[in-house]
Every structure is written in structure tokens, then in C-alpha cells.
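Visitor: For the sequence shown, this note's numbering gives the first residue as 65, with consecutive numbering after it. C-beta: ideal position from N, C-alpha, C; glycine also. Predicted, not measured: the structure shown is a model, and the values here were computed from it.
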Amino acid sequence: MPRGHAVIHDLPLSRPVLDRRADLRTDPGLLPRLLADPGTAVLRLVGDRVRVRDVEGPGLGVWVSPPSDADRSRLAFYLGEAGGTAYVGVVADDLVAEGDGDAALRTLRQVGAELDDVGAATYVTTLALANWHRAHGHCPRCGAPTAPDLGGWIRRCPRDDSEHFPRTDMAVIVAVVDADDRILLARGRGFRARGMSVLAGFVEPGETLVGAVVREVAEEVGVDVRDVTYVGDQPWPFPSSLMLGFTARAVATELRLQEAEIEAARWFSRDELTGALADGSVVVSGRISISRRLIEHWYGRPLDTVDVAPR
Ligand SMILES: [Zn+2]
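1) When the Cα atoms are used, what is the spatial distance from A70 to R223?
2) When the Cα atoms are used, what is the spatial distance from P131 to P204?
3) Applying the 10 Å Cβ sphere with the 16-neighbour rule, what's the burial state of F141?
4) Please state the DSSP three-state secondary structure of Q298.
5) What separation, rounded to the nearest whole angstrom, lies between the Cα atoms of V154 and H73?
6) Kindly identify the DSSP beta-bridge partner or partners of S305.
7) Which of the three DSSP states is assigned to T190 in this structure?
8) With hydrogens ignored, establish whether the beta-carbon of D213 is closer than 7 Å to any heavy atom of ligand 2.
9) Since I believe F332 is in contact with L249 (beta carbons under 8 Å), could you give me their beta-carbon distance rounded to a whole number of angstroms?
10) Which same chain residues, not among the five before or five after R226, have their C-beta less than 7 Å away from its C-beta?
11) With a cut-off of 8 Å, do at least 3 Cβ pairs link the stretch 75 to 87 to the stretch 176 to 188?
12) Run the proximity test for S226: is its beta-carbon closer than 7 Å to any non-hydrogen atom belonging to ligand 1?
13) List in chain order: all unbroken beta strand (DSSP E) runs of 3+ residues lying wholly within the stretch 212 to 295.
14) Can you check the stretch 74 to 141 for any alpha helix (DSSP H) of at least 4 residues that lies completely inside it and give the ranges in chain order?
15) On the three-state DSSP scale, how would you describe E327?
16) Give a yes or no on whether 8 Å exceeds the smallest Cβ distance from D181 to chain B.
17) When you compare only the Cα positions, how much space is there between A324 and A86?
18) In the DSSP assignment, what are the bridge partners of L179?
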């Protein structure tokens, strides 16, 4: 599948393998027909978890099966096609009460870095849609309860017929590097102890992506940046973000921290980061995160190749 202009190609949650077939969504018979067809692959979301399965080779798949009677009364989304199979995601929170398959249920954070292409694409899309539906049950214009339509891709108000589309909140995340090729890592308030990351923040209304990168870095650490360059992006349905990854060059290195948000920040050479990871004084996010991949892109190799001292 085309990966556009991304420099970082293999982000765990960026798997554009579903042909979404938006042209089919206007057919009101689509979901009833698919949920009566044993050839349909149904992915069931239980809370924020799905059942996973082993696949040939390394990694994990999501567990899909033909539609059940119960699926026909669940909130359902037409996800599209892959390999000639139609995929439907359903919200099956009722399975928690039944205790069905609990042992094999995993969150996306737990398994996202291990999933195969179809597994990641179907899980990410189902979770993002479910998160939006759960939080948007009423019409923002008149307050009436809304109902899903267009294969689960909108909600419609029965009182004023207005259509409401799922939201995706854009967030920029940026690896800032100085003239000596050191990377800037920071610990936000609320991070786990010793956790450090590249800087990130939401894009505000009326703002451009580059404008958001420049503003976030200036606000959080008081550094001016230039040469803001897109390197890749991935959906981040916790609950509804798209993380847009960039690199940028710092004009100067003096840091002025925004104390309400940033607890610590410093520049790291590769040797300094190697040492800090090895002695455990710095911990970076897991392999599912674009933060981790931006740091590795700068570092030159996966960080799990660094020997970390046992603690
Ligand atoms: Zn309304």
C-alpha cells in the first residue's frame, strides 16, 4: 500500500490495508446483509479490549469469526474489505458480563506493536469509532438522542436530521535536535518516574501543523525551532487522536521550562542517552508509540538493542 511521503514507514498503528469502500455505506441494507453472511469477519470490542490469536510467524492477529445472532443487535461498523473479506467491528461490551473469552482479551496498548496489518487496522478503526460513538450519543444542536447511520460512520439526529461525523483530534509530536545533533527529551507532569519523551501537543483551531510544532516547543521549553519536517503519522485512538510526527532544528539550546506542564527537560547526545537507558535513569515509551520511533529514528537503531541494567 502507498505510504505517502513518510520517512518512518513502519509505525505499528499505521496499516492502510483496509479498502474502506465508503461508497457502500449509503446502502441501509449493508450491515444487516453482512451480519447475516457467514463469510463476514466480525471483530468484537469488549470495553477497550479484543481477543487476540497467534498467527504464522512472529506477531499476533485479532480474533474474528462469522456474525452471531447477538451481533445483529450490537453497535456495528462496516470497516471495509481486505483480501476479499468484509470486516465488521462490533461493540460487544455485553461479553464482559458473560465472561466470554476474558483470558485472551488484550488492550491495544498491550498488543498494538505485535499485531499484523489487518489486526492493527481493524482494531484501531473499531476502537476509534467506538470511543466516538460512546461519547457522542446526543445531538450537539438540539440535545436529542442520535442514532448511528452510514454503516456506523455517522450519527444522525432524528429531530432535525443533522449528521454528525466522528472526530479525529490532530496532535503534533516532534523530535527537536540541536546543532550538535543532540535530541531534546522532556518529562511532562503526570509521566511515570524517569519517563522521558519528545514534545507533543494538540493542534488548535485555526492553526497549521508547522505552526503548532513551533508554538508547542516554544511554550513548553522556550526554544525556537525551524526546518520543521514531516516524518510520519499514526492513529492513536486513546481516545481519538492522530499523531503527526515531525523533526525540527533548534535555533538555540537554552531551555526555559513551562513549569505547569514540564517537570524536566534536557539535551541528550547518543552516548548520553545510551548511558541513561542502560543505568535506568531514563525510560522511554513502548514500541507502540510514535515518540519511541522518533527517538529511534534519530538514534539510528531500535532502542531495545541497548543493554539495560536490571533493576
Ligand atoms: Zn438535533
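Guide: Quick look at the numbers:
1) To locate residue 70, count along the sequence shown from 1; it is residue 6. To locate residue 223, count along the sequence shown from 1; it is residue 159. A70 and R223: Cα-Cα distance of roughly 44 Å.
2) Mapped onto the sequence shown, residue 131 falls at position 67. Mapped onto the sequence shown, residue 204 falls at position 140. Taking the straight line from one Cα to the other gives about 33 Å.
3) Numbered from its first residue, the sequence shown carries residue 141 at position 77. With 16 or more other Cβ atoms within 10 Å, it is buried.
4) As a first step, residue 298 must be located in the sequence shown, where it is residue number 234. Strand.
5) Taking the first residue of the sequence shown as position 1, residue 154 is located at position 90. Taking the first residue of the sequence shown as position 1, residue 73 is located at position 9. Answer to the nearest angstrom: the Cα atoms are 29 Å apart.
6) Mapped onto the sequence shown, residue 305 falls at position 241. Answer is D233 and W300, bridged to S305.
7) The sequence position of residue 190 within the sequence shown is 126, counting from 1. Note: T190 maps to helix in three-state DSSP.
8) No copy of ligand 2 occurs in the structure displayed; its ligands are ligand 1 alone.
9) For this step, residue 249 is matched to residue 185 along the sequence shown. For this step, residue 332 is matched to residue 268 along the sequence shown. Contact flag correct, Cβ pair sits at about 6 Å.
10) Here the question's residue 226 lines up with position 162 in the sequence shown. What sits at residue 226 in the sequence shown is Ser, not Arg. C203 and R205, listed in sequence order.
11) yes
12) On the sequence shown, residue 226 is found 162 positions in, with the first residue counted as 1. Flag set: Cβ of S226 near ligand 1.
13) 218 to 220, 233 to 241, 247 to 252 and 263 to 266
14) 94 to 98
15) Taking the first residue of the sequence shown as 1, we reach residue 327 at position 263. If DSSP states are grouped into helix, strand and coil, E327 belongs with the strands.
16) Reference to chain B is not applicable here, since this structure consists of a single protein chain.
17) Position 260 of the sequence shown, counting from 1, holds the residue named residue 324. Position 22 of the sequence shown, counting from 1, holds the residue named residue 86. In a straight line, the C-alpha of A324 is about 43 Å away from that of A86.
18) Translated into the one-based positions of the sequence shown, residue 179 becomes position 115. Answer is L124, bridged to L179.
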